[in-house]
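What follows is a short report on a single structure.
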C-alpha cells in the first residue's frame, strides 16, 4: 500500500520543488486556499478525518499582509491567526493523537526570530517555532519538524515586495551574499523527512539564514 502525503499551500515554490522530489510510490494530494478555506476554523474541524488519512503532512499555507497591521481591521487579524497558526495546530493535534506514524512539517520563518512589518505574521511564526520545539510526540515513530528560512530569493512574495531596496540590502548584508533558493529548501525538507539517517530528529526548528544573525 502506498503511503499518503498531503501538501497544503501547494502553489508555493518550495512546495512545487518538494513535490518533484517525492518518489512515485507515494500518493500525494495537493491543496491550496481554493480547495479549503484555512481561515474557517469551524470548517477545518469538520474536515479533521480527511487529514487523518495521511502519513505525512506538509504545511505550506500562509498569508501575510503587504502593509503594517491595521488593528482596526479585526477580520484580517483573525484571518492571519487562523491561517498561519490555529488551522495548523488544530489539524496537528488531532492527527498526532490518532496517527501513530505521522510526520508533520511546518514552515517557519526568520520573522519568528526578528519580527516582521506584519506583526501578527511574525508572532504566529514565533508560535509555530515554539509549538514544534515543545509539543511532545505522542508515539515513538512520529516526527515534528520545521525549517525557518531567511529571504527566499525566488519566492513569489519576495519578488512582489514593494521594498526591493530592503530585499537587496538584506541579501548583500548576509555572510553568504545571497538569499536561499526554493529548491534548496525543498531538498533539505526532503532529506529530513525521508532519509532514515534523520529518523531520530524531531521537535526541531532549523534556522536557515546563512549566518545572518551572527554577531561575533
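Numbering (this note's numbering), first residue to last: 1084 to 1299.
Using N, Cα and C, we set each Cβ at its ideal position, and we do this for glycine too.
- The C-alpha of residue 1095 is placed about 21 Å away from the C-alpha of residue 1251.
- In the DSSP annotation of this structure, the continuous segment of the beta strand (DSSP E) that includes residue 1141 starts and ends at 1139-1142.
- Inclusion of residue 1137 and residue 1099 in the CB contact set at 8 Å is not warranted, their separation being larger than that value.
- Proximity of the segment 1187-1199 to the segment 1208-1216 meets the contact definition, three or more beta-carbon pairs being nearer than 8 Å.
- Bounds of any alpha helix (DSSP H) do not take in residue 1235, whose DSSP letter is neither H nor E.
- Residue 1188 carries a strand assignment under DSSP once its states are collapsed to helix, strand and coil.
- Contact holds between the segment 1170-1189 and the segment 1127-1146, because three or more Cβ pairs, one in each stretch, are under 8 Å apart.
- In this structure the segment 1225-1238 lies against the segment 1275-1294, because at least three pairs of beta carbons, one per stretch, are closer than 8 Å.
- Just so you know, the alpha carbons of residue 1165 and residue 1186 end up roughly 22 Å apart.
- A Cβ-Cβ contact shorter than 8 Å links residue 1204 with residue 1163.
- For residue 1110, the uninterrupted beta strand (DSSP E) run begins and ends at 1110-1114, by DSSP.
- With a 10 Å radius around the Cβ and a threshold of 16 neighbouring Cβ atoms, residue 1262 comes out buried.
- Measuring C-alpha to C-alpha distances from residue 1097 to each of 1293, 1246, 1257 and 1190 identifies 1190 as the nearest.
- If you draw a 10 Å sphere on the C-beta of residue 1276, you find 16 or more other C-beta atoms in it, and that means buried.
- In the DSSP assignment, residue 1197 falls outside any beta strand (DSSP E) and within the unbroken alpha helix (DSSP H) covering 1194-1197.
- When the Cα atoms are used, residue 1246 and residue 1200 turn out to be separated by approximately 11 Å.
- Collapsing the DSSP output to three states places residue 1168 in a helix.
- In the three-state scheme derived from DSSP, where H, G and I count as helix and E and B as strand, residue 1088 is classed as strand.
- Taking a 10 Å sphere around the C-beta of residue 1089, we find 16 or more other C-beta atoms and assign the residue as buried.
- Taking 8 Å as the cut-off, the beta carbon of residue 1114 is found closer than this to the beta carbon of residue 1091.
- Counting only runs of at least 4 residues, the segment 1200-1279 fully encloses the following alpha helix (DSSP H) elements, listed from N- to C-terminal order: 1202-1217, 1239-1243, 1247-1256 and 1265-1277.
- Where residue 1127 is concerned, the enclosing alpha helix (DSSP H) starts and stops at 1124-1129.
- In the three-state reduction of the DSSP assignment, residue 1174 falls in the helix class, which pools H, G and I.
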